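In the numbering used here, the protein residues as written are 28 to 331.
Working notes for the structure below.
Spelled out as structure tokens, the structure:
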């Protein structure tokens with residue numbers, strides 16, 4: 028469990044402050060065993076644990092605001108980045124079982140960001156850091172998508188479905204994340220509990236606008252993935268059409284020969300060619316002539 032005082036800037040503490048606004052960071056096990064914390068005796072039980080964090084949401088209660096945050100990206104070991112939170116007029120509880128929250132708190136401390144003795148200003152700084160590098164992450168997804176498009180245009184259609192499926196899932200996750208984060212920002216901006224000043228509500232409005240722009244970027248990426256999927260399907264159709272074209276040409280060329288073989292395969296006794304000594308070479312010459320003529324016609328008609 029770690030305490031931070033919300034003064035002009037965020038300051039680490041060894042224990043809970045006797046007065047003033049503060050942030051407390053703890054994990055789900057500590058939350059389960061803590062019956063009360065200074066200034067949070069009546070509301071601590073409303074705090075969601077990190078284990079319950081699957082979406083981003085905010086729930087307004089009569090004496091607090093609580094919710095969860097779940098980021099679409101994870102750590103290198105595959106575990107999710109998520110936390111639970113609770114907000115009162117002078118307290119912020121953050122429940123994190125991993126390493127999602129503490130790096131942001133350390134950055135706020137290191138950069139000496141102004142928190143102005145205010146829970147609202149701290150929340151604004153915290154949420155701003157959540158999305159600070161998201162545009163770069165979306166650009167990385169766009170670069171991967173562009174590389175996949177170039178492969179399709181180059182005719183490299185092998186191993187397309189797996190990376191495209193991953194990209195579509197990833198862009199969908201980011202779009203859903205920003206939609207949920209927009210709802211959280213809206214709840215903060217509406218300030219139903221009266222915890223925040225008008226200036227802080229204005230900051231939450233700015234945050235909401237940034238989230239909306241990021242959501243629009245993620246939507247553009249989703250549409251881009253759909254276009255590349257259509258491009259891939261078009262390339263597949265073109266390949267299939269080429270195969271069908273080749274089969275059609277082969278059928279067209281050899282259909283007269285099939286007729287010729289079937290004709291002379293009937294072996295009627297009245298066929299003079301069967302007893303002519305030049306009959307066999309003549310049929311060969313006719314067959315070659317038919318093939319050459321068919322190829323010339325197909326070439327002239329630009330069938331290939």
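Even for Gly, the Cβ is constructed at its ideal location relative to N, Cα and C.
The structure presented is a predicted model; accordingly, all values stated were derived computationally and were not measured.
{"query": "Beta carbon of residue 248 nearer than 8 angstroms to that of residue 198", "result": "yes"}
{"query": "Local Cβ density within 10 Å of residue 28, reported as buried at 16 or more and exposed below that", "result": "exposed"}
{"query": "Buried or exposed by the 16-neighbour rule on C-beta atoms within 10 Å, applied to residue 135", "result": "buried"}
{"query": "Same chain only: Cβ atoms within 8 angstroms of residue 63, ignoring 5 sequence neighbours per side", "result": "71"}
{"query": "Local Cβ density within 10 Å of residue 324, reported as buried at 16 or more and exposed below that", "result": "exposed"}
{"query": "Anticipated Cβ contact below 8 angstroms, residue 122 with residue 54, distance rounded", "result": "7 angstroms"}
{"query": "Stretch pair the region 87–99 + the region 109–123: three plus CB contacts closer than 8 angstroms", "result": "yes"}
{"query": "Same chain only: Cβ atoms within 6 angstroms of residue 150, ignoring 5 sequence neighbours per side", "result": "none"}
{"query": "For residue 236, the first and last residue of its enclosing beta strand (DSSP E)", "result": "Run containing residue 236: none in the beta strand (DSSP E); it sits in the alpha helix (DSSP H), 225–291."}
{"query": "Cβ pair count under 8 angstroms reaching 3, the region 268–287 against the region 239–255", "result": "no"}
{"query": "Through-space distance from residue 216 to residue 88, alpha-carbon basis", "result": "15 angstroms"}
{"query": "Helix, strand or coil at residue 175 according to DSSP, with G and I counted as helix", "result": "helix"}
{"query": "Distance CB(residue 142)-CB(residue 47) smaller than 8 angstroms", "result": "no"}
{"query": "Boundaries of the beta strand (DSSP E) in which residue 86 is found, first to last residue", "result": "84–87"}
{"query": "The alpha helix (DSSP H) enclosing residue 213, as first and last residue numbers", "result": "188–217"}
{"query": "Identity of the residue in 292, 319, 321 and 320 nearest residue 307 by Cα", "result": "292"}
{"query": "Strand pairing of residue 122, partner residues [DSSP]", "result": "53 and 111"}
{"query": "Nearest neighbour of residue 81, chosen from 36, 207, 132 and 310 [CA to CA]", "result": "207"}
{"query": "Inter-residue CB distance, residue 114 and residue 91 (contact presumed, cutoff 8 angstroms)", "result": "6 angstroms"}
{"query": "Identity of the residues DSSP links to residue 32 by a beta bridge", "result": "38 and 49"}
{"query": "Exposed unless 16 or more other CB atoms sit within 10 angstroms - verdict on residue 303", "result": "exposed"}
{"query": "Which residues DSSP lists as bridging residue 306, in chain order", "result": "Looking at the DSSP assignment, residue 306 forms no beta bridge with any residue, so it has no partner."}
{"query": "Terminal residues of the alpha helix (DSSP H) in which residue 64 lies", "result": "Element bounds for residue 64: n/a, residue is neither H nor E."}
{"query": "Residue 77 versus residue 213: straight-line alpha-carbon distance, rounded", "result": "22 angstroms"}
{"query": "Assigned exposure category for residue 51 - 16 Cβ within 10 Å defines buried", "result": "buried"}
{"query": "Terminal residues of the beta strand (DSSP E) in which residue 100 lies", "result": "92–101"}
{"query": "Pick from 184, 162 and 300 that is closest to residue 239, judged by C-alpha positions", "result": "162"}
{"query": "Candidates 317, 298, 312 and 69: closest to residue 279 by CA position", "result": "317"}
{"query": "Run of the alpha helix (DSSP H) containing residue 130, from where it starts to where it stops", "result": "128–137"}
{"query": "Between the CA atoms of residue 38 and residue 230 - distance to the nearest angstrom", "result": "22 angstroms"}
{"query": "Contact under 8 angstroms by Cβ, residue 49 with residue 32", "result": "yes"}
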